[in-house]
Amino acid sequence: MAGAAAAARLRAEIRRRERELRGLRERLAAELARGDAGDAEDEDGARGLREPSAAEPARGDAEDEDGARGVREPSAAEPARGDAEDEDGARGMRERPAAELARGDSGDADEEDDDEDEEEEEGALGFPAELPPLPARSALSAAEILRYSRQLVLPELGVRGQLRLARSSVLVVGCGGLGCPLAQYLAAAGVGRLGLLDHDVVETSNLQRQVLHGEARRGRPKARSAAAALRRLNSAVQYVPYRGALRPRSALRLVRQYDIVADCSDNVATRYLVSDACVLAGRPLVSGSALRLEGQLAVYNYRGGPCYRCLFPRPPPPDAVTNCADGGVLGAVTGVIGCMQALEVLKIASGVGSSFGRCMLMFDGLEGRFRHIKLRPRKADCAACGDSPSITCLQDYEAFCGSSATDQCRALRLLPAGDRISVRRYRELLDAREPHLLLDVRPQVEAEICRLPHALHIPLRRLQERDQESLQLLQSRICEEKQRAEGQTSLPVYVVCKLGNDSQKAVKILQELPAEEFGTCNSDISYSCQEQNQLPSQLMAVSEPCQKSKLIQIQSGPAVVQVFQPEKKLLLVSIRDIEKEGVQWDQRLC
1 MAGAAAAARL RAEIRRRERE LRGLRERLAA ELARGDAGDA EDEDGARGLR EPSAAEPARG
61 DAEDEDGARG VREPSAAEPA RGDAEDEDGA RGMRERPAAE LARGDSGDAD EEDDDEDEEE
121 EEGALGFPAE LPPLPARSAL SAAEILRYSR QLVLPELGVR GQLRLARSSV LVVGCGGLGC
181 PLAQYLAAAG VGRLGLLDHD VVETSNLQRQ VLHGEARRGR PKARSAAAAL RRLNSAVQYV
241 PYRGALRPRS ALRLVRQYDI VADCSDNVAT RYLVSDACVL AGRPLVSGSA LRLEGQLAVY
301 NYRGGPCYRC LFPRPPPPDA VTNCADGGVL GAVTGVIGCM QALEVLKIAS GVGSSFGRCM
361 LMFDGLEGRF RHIKLRPRKA DCAACGDSPS ITCLQDYEAF CGSSATDQCR ALRLLPAGDR
421 ISVRRYRELL DAREPHLLLD VRPQVEAEIC RLPHALHIPL RRLQERDQES LQLLQSRICE
481 EKQRAEGQTS LPVYVVCKLG NDSQKAVKIL QELPAEEFGT CNSDISYSCQ EQNQLPSQLM
541 AVSEPCQKSK LIQIQSGPAV VQVFQPEKKL LLVSIRDIEK EGVQWDQRLC
């Protein structure tokens, strides 16, 4: 029984390799027709495809050392080696020359042995060298006609539009909730080349909406995970995964290698960077965003339309920006917007034209409504695309926006660095059972996930609204804790939230409250400036609390626990990788 199953796997593997070999031969014929093979391609760093020969298997070891491993025809001897190949995850294909290596599609979906070395090389170089142009084509193959038959019969697309898709290349910035459905439909439609860029790795919390990744891919780079999944969907498309964040030093060179750019990022800094790079490179930008139950879509820098800076010349304040990690998102909403982005990319690439070059699509998932909002025209004085632009090169966008160019826990810096104490100092306070009050300012929905029974729960929104009932409750709890502390005159109050941003906002609000509004319980509170000056200045991170055995789940990022004295004197408690450092939270907190 086991032998029959192994034979079936080998037969399927042989058929797959034969299909790949046919595709390579078709591309070889196209390259030879263009006359670009030979020394000219070697000088350009793209060495084309070579026809595999019978002598190549004997040269395998030497070619492996040189990093150029051609394609072998499956032979009758291969079934005997099938089990060993299955164990190694090998595909029976040696690495291709440089032009093929740029595709980034070597290795099967489950192959992991060479990923680390390639990723290190990409990280050192920024991004791979210049990609070779896609071959010009005048006709579709029989396999392509069969595969794309349902869209070929559309009069808006037809054979001409499909050939344009096959010659087009798209850079997908972000392989998350938006990038996954976008890339999936572009690959299925037959786009010639897909660049997949993401700095992050697959995490369990991604699987709710990032449909290209699976449980088995957790911990793997998102770009490579997405490329592996797409390769199983359509192996004829070229996939170029880039592991790393888009940076100003390499963004323009990368964008120029693609015809269309799709922004699927989740942060303001990357949006400005991608938009400016597209303006400088003359590329259309299909931009999407999704948060909670809403989504937006717009196409920038397209046929004289506005760019992102035309609409938003200045970035919003960092504390006014919310991403999916902070505000949450329903996976189906990212699917809707990602599919709409894919539709606009396909319309642009095939020559149909985009519908959103001068308007924005607004989607309300709760009401199930789509709305169109007319955008302002291109601004003549725009710093990026205006008549006399001042932006002629890419800048430091993290400094410009005041936030990080990643979608990880975004750290706000609302309090001075000197108003902080370390997690170990806070642990000492807990071990010593020093009197204090823990104030939890998370929203009700987050508090229901994991409650802190030792804490007083007042959502940040109530503090922002100056809710008198909440302020009186806080005042009374402070008085109660002081009485338990036998009249202690200085009672610290620790403010905790999910990521450390809301707690800083809460501290700022409490700082600004007048004494008569906050109550009279703080009139006799003393405060030691000397003690404050002795506090460490390190600011690190903690994420939301988890349930039961793990009291609080820790990760790098923003501050999470703030401390304030009720006399408008506030301190900041910070926490970093408690689990890694072996520091455990007091059982009283959860």
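Mapping to UniProt numbering: the sequence shown position 363 is 363, numbers consecutive. All C-beta atoms in this analysis are idealised placements derived from N, C-alpha and C, irrespective of residue type, glycine included. Predicted, not measured: the structure shown is a model, and the values here were computed from it.
Residue from the options with nearest C-alpha to residue i
i           : options                        : result
Leu346      : Gly365, Val255, Gly161         : Gly161
Arg193      : Glu398, Glu486, Ala447, Val261 : Val261
Ala245      : Ile14, Leu280, Pro435, Val172  : Val172
Val299      : Lys374, Leu154, Ala399         : Lys374
Ile449      : Asp263, Lys482, Lys498         : Lys498
Gly386      : Val279, Gly23, Leu146          : Val279
Arg253      : Ala269, Leu439, Ser265, Leu273 : Leu273
Ser403      : Leu207, Arg16, Thr270, Tyr148  : Thr270
Ala277      : Ala384, Gly327, Val352         : Ala384
Ala399      : Ser390, Arg314, Ser275, Ala229 : Arg314
Asp266      : Arg217, Ala4, Gly328           : Gly328
residue 593 : Gly190, Val191, Cys175, Ala189 : Residue 593 falls outside the range modelled here, since the chain spans only 1 to 590, and no answer is possible.
Ala228      : Cys264, Gln257, Ala187         : Ala187
His436      : Tyr239, Ile478, Asp259, Leu140 : Ile478
Leu414      : Gln444, Pro318, Lys482         : Pro318
Gly282      : Asp259, Tyr308, Gly295, Cys264 : Asp259
Leu460      : Gln504, Arg427, Leu430         : Gln504
Lys508      : Gln475, His454, Val441, Ser476 : Val441
Arg371      : Leu491, Pro284, Glu294, Ser354 : Glu294
Phe312      : Val268, Leu140, Glu434, Glu481 : Val268
residue 597 : Ser225, Leu297, Gln257         : For the chain, the structure presents residues 1 to 590; residue 597 sits outside this window and is missing.
Pro135      : Gln511, Val191, Ala183, Thr204 : Val191
Pro389      : Ile458, Arg358, Cys310, Ser476 : Cys310
Cys401      : Arg369, Val159, Ala320         : Ala320
Counted within 10 angstroms of its Cβ, other Cβ atoms place residue i as buried (16 or more) or exposed
i           : result
Glu130      : exposed
Gly123      : Low confidence applies here, because Gly123 scores a pLDDT of 38, under 50, leaving its location unreliable; read the following figure in that light. Gly123 comes out exposed.
Phe356      : buried
Gln395      : exposed
Cys393      : exposed
Asp381      : exposed
Ile145      : exposed
Ala54       : Any reading at Ala54 is ruled out, since the residue's pLDDT is 38, under 50, leaving its predicted position unreliable.
Pro241      : buried
Asp502      : buried
Arg466      : exposed
Asp364      : exposed
Gly335      : buried
Leu366      : exposed
Pro132      : buried
Val237      : buried
Gly351      : exposed
Gly3        : exposed
Gly304      : exposed
Arg217      : buried
Glu215      : exposed
residue 595 : Since the displayed the chain opens at 1 and closes at 590, residue 595 lies outside it and no answer follows.
Val170      : buried
Pro492      : buried
Ala139      : exposed
For residue i, the residue or residues it bridges with in DSSP
i           : result
Leu361      : Leu297, His372
Ser289      : Gln296
Tyr239      : Leu194
Leu437      : Val493
Asp263      : Val173, Ser287
Pro221      : Val201
Val336      : Paired residue(s): none; Val336 is not in a bridge.
residue 594 : Since the first residue shown for the chain is 1 and the last is 590, residue 594 is missing from the structure and cannot be characterised.
Val329      : Arg292
Quick check: the stretch 279 to 295 against the stretch 226 to 236, are there 3 or more CB pairs under 8 Å?
no
Kindly confirm or deny that the stretch 189 to 209 and the stretch 217 to 225 touch, where touching means at least three C-beta pairs closer than 8 Å.
yes
Note down, one range per segment and in chain order, each beta strand (DSSP E) of at least 3 residues found wholly within the stretch 427 to 476.
Whole beta strand (DSSP E) segments, 3+ residues: 437 to 440, 455 to 457.
Within the chosen definition, does the stretch 147 to 159 reach the stretch 206 to 218 through at least 3 CB pairs nearer than 8 Å?
no
Taking one C-beta from the stretch 172 to 183 and one from the stretch 331 to 342 each time, how about it: are there three or more such pairs within less than 8 Å?
For the pair of segments examined, the stretch 172 to 183 was found to touch the stretch 331 to 342: the number of CB pairs separated by less than 8 Å reaches three.
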